[in-house]
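The block underneath contains the structure these notes are about, expressed in structure tokens.
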Amino acid sequence: GQNIDQPTEMTATEGAIVQINCTYQTSGFNGLFWYQQHAGEAPTFLSYNVLDGLEEKGRFSSFLSRSKGYSYLLLKELQMKDSASYLCAVRVYASGGSYIPTFGRGTSLIVHP
Amino acid sequence: EAQVTQNPRYLITVTGKKLTVTCSQNMNHEYMSWYRQDPGLGLRQIYYSMNVEVTDKGDVPEGYKVSRKEKRNFPLILESPSPNQTSLYFCASSFITGGPNTDTQYFGPGTRLTVL
Chain A
-5 GQNIDQPTEM
5 TATEGAIVQI
15 NCTYQTSGFN
25 GLFWYQQHAG
35 EAPTFLSYNV
45 LDGLEEKGRF
55 SSFLSRSKGY
65 SYLLLKELQM
75 KDSASYLCAV
85 RVYASGGSYI
95 PTFGRGTSLI
105 VHP
Chain B
177 EAQVTQNPRY
187 LITVTGKKLT
197 VTCSQNMNHE
207 YMSWYRQDPG
217 LGLRQIYYSM
227 NVEVTDKGDV
237 PEGYKVSRKE
247 KRNFPLILES
257 PSPNQTSLYF
267 CASSFITGGP
277 NTDTQYFGPG
287 TRLTVL
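Residue numbers (my numbering), protein chains in the order written: chain A, -5 to 107; chain B, 177 to 292.
Structural data, given as structure tokens:
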């Protein structure tokens, strides 16, 4: 089976930097996604990592270490609108050349002034 | 426009009255999935399908049924709803080729179900 762990909740101050960690134990690992979800809305794609290292996209960066089963999402210059839940999802090999995702429980980030 | 649609968006029903939540995608995705989301429990997968006529149980399949007769549609059926199925439901779809962004999941807008 798959096991994905993220902190339940984090708080940070507007303008600051926050790092949301995700650890996983899976078989057939084939990539890790981060999604953002505002309350009551659908998750939306933020980033994807399949190789070790840092991927930067504007204010958001995502890091992956496959040997450690570890990823983090780094959010810089926090804005109030960044208050949301952040979901870590790993993609694993299923069968017949197929790959399917498994989600963690999400980290609720609260940004305050 | 590429999208996943769900209907209804909101539903209040009573225990035992069969209901169906529809899900449709227009991106020719092989993979479709249903999730429920409850406070503190994150997204939990109910059922998924890797192609037409191929469905598999997720983590919490009890009390639900699905079918995949066409590639674009993946309805979720509650034969006899109970109050513990009150939740926010999301349908999602993606390719499953193993490529990078092509395998991004697209989510529907959600269906908020209340069972009294």
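Glycine included, each C-beta is placed from N, C-alpha and C at the ideal position.
What are the boundary residues of the beta strand (DSSP E) that includes Met226/B?
Where Met226/B is concerned, the enclosing beta strand (DSSP E) stretches over Gly218 to Asn227.
Judging by CA-CA distance, which residue of Ile104/A, Phe54/A and Ser102/A is the nearest neighbour of Leu117/A?
Residue 117/A lies beyond the residue range present for chain A, which begins at -5 and ends at 107; the question has no answer from this structure.
Between Pro1/A and chain B, is there a C-beta pair that is closer than 8 Å?
No, its Cβ sits nowhere closer than 8 Å to a Cβ of chain B.
Between Asp(-1)/A and Thr17/A, what straight-line distance do the alpha-carbon atoms span, to the nearest angstrom?
Each residue's Cα considered, the two are about 5 Å apart.
Helix, strand or coil for Pro259/B? Go by DSSP, reduced to three states.
Looking at Pro259/B - three-state DSSP - the assignment turns out to be helix.
Could you name each continuous beta strand (DSSP E) segment of 3 residues or more that falls completely within the segment 7 to 39 of chain A, going from the start of the chain to the end?
Fully enclosed beta strand (DSSP E) runs of 3 or longer: 12 to 19 and 23 to 31.
In chain A, what lies closer than 9 Å to Tyr186/B by C-beta?
Within 9 Å Cβ-Cβ: nothing; Tyr186/B doesn't reach chain A, min ~11 Å.
Taking all protein chains shown into account, decide if Arg185/B is buried (16 or more other Cβ within 10 angstroms of its Cβ) or exposed.
Burial call: exposed.
Between which two residues does the beta strand (DSSP E) holding His205/B run?
Looking at the DSSP string, His205/B is not in any beta strand (DSSP E), and its letter there is neither H nor E.
Listed from N- to C-terminal order along the chain, which residues in the segment 211 to 241 of chain B have their beta-carbon within a distance smaller than 7 Å of any beta-carbon of chain E?
Considering every chain present, this structure includes no chain E. Its protein chains are A and B.
If you drop the 5 nearest sequence neighbours on each side, which residues of the same chain put their C-beta closer than 6 Å to that of Asn43/A?
Correct list, in chain order: Leu26, Glu49, Ser56 and Leu58.
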